[in-house]
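S.K.: Using the working numbering, the first residue of the sequence shown is number 5, and each one after it goes up by one.
Idealized CB from N, CA, C, for every residue including glycine.
Below is one structure. I have some questions about it.
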Amino acid sequence: MIETTDDDRRFPPALADVAKVEFDYGDDGEGVDFEPCHAFESAEETTDWLRHWTGNYELDGGAYRLFGMDGTGGQAAIWCARPGRPLAEQPVVFMDSEGECGVVAGDLSSFLWVLADGIGPEEAAMYETYDARPDAVLTTLAERHATTPRRPAQEIITEAKAQFASFAADLDELCR
Numbered sequence: 005m006i007e008t009t010d011d012d013r014r015f016p017p018a019l020a021d022v023a024k025v026e027f028d029y030g031d032d033g034e035g036v037d038f039e040p041c042h043a044f045e046s047a048e049e050t051t052d053w054l055r056h057w058t059g060n061y062e063l064d065g066g067a068y069r070l071f072g073m074d075g076t077g078g079q080a081a082i083w084c085a086r087p088g089r090p091l092a093e094q095p096v097v098f099m100d101s102e103g104e105c106g107v108v109a110g111d112l113s114s115f116l117w118v119l120a121d122g123i124g125p126e127e128a129a130m131y132e133t134y135d136a137r138p139d140a141v142l143t144t145l146a147e148r149h150a151t152t153p154r155r156p157a158q159e160i161i162t163e164a165k166a167q168f169a170s171f172a173a174d175l176d177e178l179c180r
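Structure, rendered in structure tokens:
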């Protein structure tokens with residue numbers, strides 16, 4: 005597990021703006037099932053959630069900043085996998101309520117472009133293909149906050165999954 009050297013829990017302005025967006029899961033279940041938080045969960049709540057999720061009650065959740073969930077309680081998080089780098093440069097991951105997990109984007113900027121394509125964290129992490137449904141509000145938000153050029157969500161997700169290919173296996177190892 006990657007350990008952090010500090011406990012930066014300052015909520016990025018981009019995520020604060022995402023938290024103001026109302027995600028519509030309606031659309032016959034084809035919408036985005038995502039409920040963003042207005043702040044990171046506390047270190048204690050994060051550790052408690054991770055311990056229950058993995059079944060390993062000795063874990064420290066310091067490498068994660070939980071910032072949203074799906075309707076079943078799966079969690080979207082910034083994973084502090086790059087020591088010494090700011091939160092905006094850390095990958096975004098998703099851990100679902102059934103013990104599955106995956107990488108969503110390689111950094112916060114890329115995550116904003118995934119959302120702009122109408123794909124939520126659960127869909128990005130759990131599926132192999134994605135039907136882009138561009139969202140005008142989230143596109144404007146990404147244009148305001150992203151530090152990288154727009155790219156298709158499929159490209160962003162595929163690249164992040166390849167870059168952090170051991171994420172799920174590393175977490176699985178912690179469950180033992």
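Give me, in chain order, the residues of the same chain whose beta-carbon lies closer than 6 angstroms to that of I161; leave out the 5 immediate sequence neighbours on both sides.
M.R.: Excluding sequence neighbours, I161 sits near A128.
S.K.: I'd like the span of the alpha helix (DSSP H) that includes I3, first residue to last.
M.R.: Any answer about residue 3 is impossible in this case: the structure gives the chain only from 5 up to 180.
S.K.: Restricting to runs no shorter than 4 residues, where is the alpha helix (DSSP H) found entirely within the region 18 to 97?
M.R.: DSSP runs (the alpha helix (DSSP H)) wholly in the region 18 to 97: 30 to 33 and 47 to 58.
S.K.: Between Q94, I123 and A80, which has its C-alpha nearest H42's C-alpha?
M.R.: Closest option to H42, Cα to Cα, is A80.
S.K.: In chain order, what residues of the same chain lie with their CB nearer than 6 angstroms to the CB of D174, ignoring the 5 residues before and after it?
M.R.: Nothing listed; no residue qualifies.
S.K.: With distances taken between CB atoms, is the gap from G106 to F115 smaller than 8 angstroms?
M.R.: In this structure, F115 does not lie closer than 8 angstroms to G106 by Cβ.
S.K.: Check whether the Cβ atoms of P40 and G72 lie closer than 8 angstroms to each other.
M.R.: Yes, the pair counts as a contact, with Cβ atoms nearer than the cut-off.
S.K.: Just confirm the distance between the C-beta atoms of A120 and P138, as a whole number of angstroms; I'd bet it's less than 8 angstroms.
M.R.: Between P138 and A120 the Cβ distance is about 7 angstroms, and since that is below 8 angstroms, they are a contact.
S.K.: Got a sec, what are the start and stop residues for the beta strand (DSSP E) A109 sits in?
M.R.: Residues C105 to A109.
S.K.: If you drop the 5 nearest sequence neighbours on each side, which residues of the same chain put their C-beta closer than 6 angstroms to that of R154?
M.R.: Counting only Cβ-Cβ distances below 6 angstroms, and skipping sequence neighbours, we find W117.
S.K.: Tell me, please, which residues DSSP counts as bridged to M130.
M.R.: M130 is not bridged to any residue.
S.K.: Exposed or buried, what is A166 when buried is set at 16 or more other beta-carbons lying within 10 Å of its beta-carbon?
M.R.: By the 10 Å Cβ count, A166 comes out exposed.
S.K.: Let me know if P17 comes out buried or exposed under the rule of 16 or more other beta-carbons within 10 Å of its beta-carbon.
M.R.: The residue in question, P17, is exposed, as its Cβ has fewer than 16 Cβ neighbours within 10 Å.
S.K.: Among residues of its own chain, excluding the 5 on either side of V22, which ones have a beta-carbon nearer than 6 angstroms to its beta-carbon?
M.R.: Excluding residues within five positions, the ones whose Cβ falls inside 6 angstroms are P40.
S.K.: Out of N60, D100, R148 and C179, state which residue places its alpha-carbon closest to the alpha-carbon of G75.
M.R.: Nearest of N60, D100, R148 and C179 to G75, Cα basis: D100.
S.K.: How close, in whole Å, do the beta carbons of T50 and L70 come, if the pair is a contact with beta carbons under 8 angstroms?
M.R.: Going by Cβ atoms, the distance from T50 to L70 rounds to 5 angstroms, so yes, they are a contact pair.
S.K.: Evaluate G103 with the Cβ neighbour count: other Cβ atoms within 10 Å of its Cβ, from every protein chain shown; 16 or more gives buried, anything less gives exposed.
M.R.: G103 should be labelled exposed.
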